[in-house]
Amino acid sequence: MAAILQFDRVSFAYRGAPLFAGLDLSVGEGEMAAVLGPNGSGKTTLVRLAVGHLEPSSGSVTLRGTRLADLSPRERARTISVVPQESRLAFDFRVREIVLMGRAPHQGVLGIDGEEDRAIALEAMEQTGVAHLAERRFHELSGGERQRVVIARALAQRPRLLLLDEPTAFLDLKHRLAVYALLTRLNRDLGITVVVVSHDINLAARHCDRVVLLHRGAVAADGPPDEVLTAAHLRSVYAVDVDIRRDAVSGRTYVFPLNPTDESPS
Amino acid sequence: MRGTGTGMISRSKVAWSVAVLCLAIVTACEPGPAVPEPTTTPARIVSMAPSLTEILFALGLGDRVVGVTSYCDYPPEARERAQIGGFVNPSVEAVLALEPDLVIVSPAAGNRDAALAVRGAGVRLEVVPAETLDDTFDAIRTVAELCGVPERGEELADSLRQRIDLVAERVAELPRVRALYCIQIDPLIAAGRGTLPAELMELAGGINVVDGDRYPRIGIESVLAESPEIILQSRMDASDPGADQASIDYWSQWTSLPAVRDGRVIVFDGTTSLRAGPRVAEAVEFIARSLHPEELE
Amino acid sequence: MTSPVLKRSVPVLAGLVVVLVACAWLSLGVGPSGATWSDVPDLLSGTADPTTRDILLRVRLPRLILAALVGAALSGAGVVFQAVLRNPLADPYILGVSGGAALGAVLFTSVVGNAALGSALGRPGAAFGGALATLFLLSLARVRGHTEPTVLLLVGVVLNAFYSAVILFLLTAGDASRFRGALFYLVGSMASASSLPWSVLVSIAAFVAVGLGLLLIVSHRLNLLAFGEEVAGHLGVDSEKTVWGAVAGASLITAAAVAFTGLVGFVGLIVPHLVRTLAGPDHRLLLPASALGGASFLVLADTVARTVVAPGEMPVGVVTALVGGPFFLFLFLKHLRER
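Residue numbers (my numbering), protein chains in the order written: chain A, 2 to 267; chain B, 6 to 302; chain C, 56 to 394.
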């Protein structure tokens with residue numbers, strides 16, 4: 002499996018506070034992977050490094066074999082799209098206009114949309130179930146609807162790799178399930194590589210074939226959910242005692258949190 | 006013969022005088038610093054207005070003047086006196102440091118606080134309004150009385166009045182001339198009703214084309230529409246030798262103006278007509294000669 | 056089928072052009088003197104009297120042209136600053152560019168004086184220089200190759216405060232006539248238009264047109280900035296370059312405008328709002344529409360300013376505030392109620 006995203010000995014520090022030191026990570030094409038870890042483990046930083054918003058102090062990030070630094074923002078945006086944790090929109094754009102923004106990396110400087118752009122945007126809206134909201138304004142939508150619009154925008158970019166940063170953080174139960182179901186569909190039916198950074202351990206385990214567990218800027222465990230989500234791993238990373246059960250839907254590991262351990266969070 | 010057009014008593018002057026009056030009452034009632042006995046021959050006089058400075062010198066009291074504003078530039082000897090700051094923002098400290106036995110002030114926006122402070126410090130302060138033409142004669146007489154030379158005041162006031170009356174007589178027969186008195190070009194500010202220059206201009210046989218009060222900032226379109234036959238431009242910057250030509254250049258572009266066509270844009274020292282002082286007669290004579298160059302000498 | 060944005064834009068912009076032409080025509084025929092539209096045929100045939108000629112061709116026409124240019128520049132710049140700062144309360148003066156221009160102008164007036172024609176290009180030159188210097192100072196907001204809108208805003212606020220202090224000092228320290236000149240500059244007026252050579256007006260027009268054209272090119276990227284610089288980056292936009300290019304362009308056309316007319320307020324704040332309420336937030340339409348709307352607005356405002364208190368003249372900034380303020384409030388409340 003070819004690597005679509007690769008971190009080679011990446012080091013990064015936030016103003017003197019070191020985070021990553023020689024991190025190696027490789028995401029294969031077509032994978033659906035979850036990146037888990039407590040706050041401060043570097044999950045969001047990982048996304049920012051993957052997208053080129055931050056530059057590693059040493060090492061390199063490559064996208065389909067080319068170093069990020071050698072790609073222009075447009076070239077990069079044609080391969081990766083990102084769904085951020087929350088979206089704050091300064092002006093009153095309509096859903097249709099927002100999804101069309103996803104076509105920008107493929108368009109000219111004025112972004113005049115052609116028929117193909119509009120068709121792709123419509124398809125993205127249908128895939129995320131927001132086509133009926135096309136003329137509504139972003140501010141009128143619920144949190145779940147907004148998140149799906151943003152996913153539609155990311156899809157309109159026709160990415161090979163979709164990065165999501167805690168996409169279900171502000172969603173209710175029903176919408177959390179819907180988002181993960183959608184991601185699975187996109188991965189299976191369209192072959193899009195999906196990397197989800199998440200706090201939602203169990204949904205991630207249910208849908209993802211691979212879990213990367215981060216702890217203080219290093220990979221604590223990396224592999225199938227059943228192998229990574231063990232009581233021992235979770236205790237050392239989250240400082241919480243857990244009970245490992247079976248997920249009734251997927252048959253995979255289901256983590257049931259018990260108590261925080263007496264140790265201070267490591 | 007009284008001058009035509011009684012000057013409008015400006016509201017600020019009334020408010021100012023009321024304020025000073027109130028303070029006078031208050032200081033009289035309260036035990037404050039002892040007000041010195043008014044002397045009939047003050048020897049250390051501070052003038053807080055250019056017009057009053059000119060009056061003092063014209064009355065031959067120049068050697069008793071110890072302090073003047075930075076705008077008091079006439080007569081030349083006045084410039085040698087100690088300066089107490091601007092006309093609008095004088096320095097109370099500077100006034101008091103001169104230890105005057107008489108301070109005279111003409112009300113203007115901005116010098117009220119300074120004047121009240123001077124009086125509050127126990128110095129004899131007399132308010133002598135000097136804005137309109139009538140003010141000029143009153144001010145001359147008042148200052149002369151305050152300084153113990155009332156007969157000189159009468160003489161000066163009478164001679165000025167005579168000169169002005171003479172001019173008014175001579176122009177009574179002549180056709181009136183449409184005139185514009187311009188204070189400043191950028192922005193364009195002219196003398197309107199109720200100002201000293203307008204009063205003098207009308208005495209000299211002119212019709213003021215500016216249909217506004219005080220010193221309005223006017224639009225050039227209104228000037229063009231009024232077609233003044235003569236433009237009296239007050240010299241804006243005495244220190245800048247190019248300023249006169251710049252003013253003429255400005256007006257020269259408006260070729261539709263009769264004043265420009267006939268070459269009657271006159272840049273001159275505006276202080277004679279902007280100060281209610283002893284040179285008002287000179288101003289009226291100058292303006293009359295400008296308005297009627299052939300008829301008058 | 057053509058793009059929906061183009062389909063909407065053409066009639067809106069065409070309509071605004073018609074409105075502008077109508078306002079210009081109105082302005083040409085209205086004034087404190089008797090000159091009016093019926094004099095235009097005489098003007099064209101060369102039989103008009105000199106006074107009417109001067110009034111129509113050398114007072115009203117240059118003024119309405121300058122008002123249109125300044126209105127377009129300030130409104131266009133307002134749109135851009137609101138987009139870059141993601142703040143609907145931003146106006147072209149918020150980053151201190153106009154403060155720098157004002158300081159340049161006041162310094163010039165204080166030092167050189169009020170000589171009328173000599174400063175026809177001197178003061179605008181000094182104002183423009185002040186604005187450029189400010190743009191340079193603003194670049195200090197760039198930290199490690201990254202610019203936060205909040206930091207940019209803060210630097211602008213500090214600059215404005217500093218400029219105000221220095222200007223006030225210069226005003227009180229100078230003499231009365233220079234004070235008046237500087238004060239009327241600060242408050243904004245089209246009066247200088249009547250003394251400007253046509254070559255200067257053409258230069259201003261070219262400058263503003265090119266500036267607005269360049270800003271139009273980045274208008275799509277301004278849309279993408281609406282979710283923030285990071286998201287714009289996700290969509291392939293070089294946010295730093297876009298932000299600084301937009302800020303520089305908007306600052307330069309603001310500087311060109313205020314250099315000649317002083318700080319005309321409210322136009323750059325109200326017009327983008329009004330137009331956004333009517334035409335939507337897409338900057339590809341919003342920018343040219345605001346420019347056209349702003350041009351019409353200021354032409355009308357100047358017509359009022361030079362006519363209503365004849366023979367006097369009101370500063371045009373008073374008119375824009377008195378008219379624009381309440382109208383904006385009304386529209387905003389109406390919009391809120393509809394939501």
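Here a beta-carbon is modelled for each residue, glycine too, at the ideal position from N, C-alpha and C.
Please read these numbers as outputs of a predicted model, since none were measured by experiment.
With a minimum length of 4 residues, the unbroken runs of alpha helix (DSSP H) contained wholly in the stretch 51-136 of chain B fall at 55-63, 97-102, 117-125.
Residue contact check for S100 of chain C against chain B: no CB pair falls below 8 Å. In this chain, the alpha helix (DSSP H) harbouring C78 of chain C covers 59-84. By the rule that beta-carbons nearer than 8 Å mark a contact, V215 of chain B touches chain C. Under the three-state reduction of DSSP output, G31 of chain A falls in the coil class, being neither helix nor strand. Contact between A122 of chain B and V97 of chain B holds, since their C-beta atoms are separated by about 5 Å, short of 8 Å.
Distance from the Cα of V319 of chain C is smallest, within the candidate group C:V85, C:P59, C:G154, C:R115, for C:G154. For F21 of chain A, the secondary structure class from DSSP, reduced to helix, strand or coil, is strand. Not flagged as an interface residue toward chain A: A303 of chain C, since no C-beta distance is shorter than 8 Å.
By the C-beta criterion, the stretch 153-173 of chain B is judged not to be in contact with the stretch 124-132 of chain B, since fewer than 3 inter-stretch pairs fall below 8 Å.
Residue contact with chain A for R141 of chain C: present (Cβ-Cβ distance below 8 Å to some residue of chain A).
With contacts defined as CB atoms closer than 8 Å, R79 of chain A and L69 of chain A fail to qualify as a contacting pair. Following the DSSP letters along the chain, one finds R246 of chain A inside the beta strand (DSSP E) bounded by residues 241-247. Taking the beta carbon of P336 of chain C as reference, the chain A residues within 7 Å of it are F92, D93, F94, listed in sequence order. Between the alpha carbons of A281 of chain C and A156 of chain C lies a gap of roughly 29 Å.
In the DSSP assignment, Y218 of chain C falls within the unbroken alpha helix (DSSP H) covering 204-228. L101 of chain A has its alpha-carbon roughly 38 Å from the corresponding atom of R253 of chain A. Between H234 of chain A and E285 of chain C, the C-beta spacing is not below 8 Å. A straight-line Cα-Cα distance of about 17 Å links S88 of chain A and S294 of chain C. DSSP, reduced to helix, strand and coil, places D166 of chain A within a strand of the structure shown.
Residues of the stretch 243-272 of chain C with a Cβ closer than 8 Å to any Cβ of chain B, in chain order: S244, A246, S247, S249, S250. Under the three-state reduction of DSSP output, F315 of chain C falls in the helix class. Sequence-ordered contacts of the stretch 347-379 of chain C with chain B read R361, A365, P366, G367, E368 [C-beta pairs closer than 7 Å].
Annotation: the continuous alpha helix (DSSP H) that includes H208 of chain A extends over 202-208. Only buried fits H107 of chain A, as 16 or more other CB atoms lie within 10 angstroms of its CB.
Rounded to whole angstroms, the Cβ separation of A184 of chain B and L296 of chain B is 6 Å, and the two are in contact under 8 Å. Per the C-alpha coordinates, the member of B:A243, B:D218, B:P246, B:Y255 positioned closest to I236 of chain B is B:Y255. For D146 of chain C, not one C-beta of chain A is nearer than 8 Å to its own C-beta.
With a threshold of 8 Å between beta carbons, N278 of chain C makes contact with chain A. For the stretch 108-129 of chain C, residues whose beta-carbon sits nearer than 8 Å to a beta-carbon of chain B comprise R108, D109, I110, R113, V114, R115. Within its own chain, the residues whose Cβ lies closer than 6 Å to the Cβ of V359 of chain C, once the five positions on either side in sequence are excluded, are V374, listed in chain order. Under a criterion of Cβ atoms nearer than 8 Å, the residues of chain C adjacent to A230 of chain B are, in order, P87, S88, G89, A90, T106, I110. In terms of Cβ geometry, L205 of chain B and V285 of chain B form a close pair [threshold 8 Å].
In this chain, the beta strand (DSSP E) harbouring F8 of chain A covers 4-15. Spatial neighbours of V85 of chain C in its own chain (CB-CB distance under 8 Å, excluding positions within 5 residues in sequence) are listed in chain order as T91, T358, T362. Note that the C-beta distance between L129 of chain C and V322 of chain C is below 8 Å.
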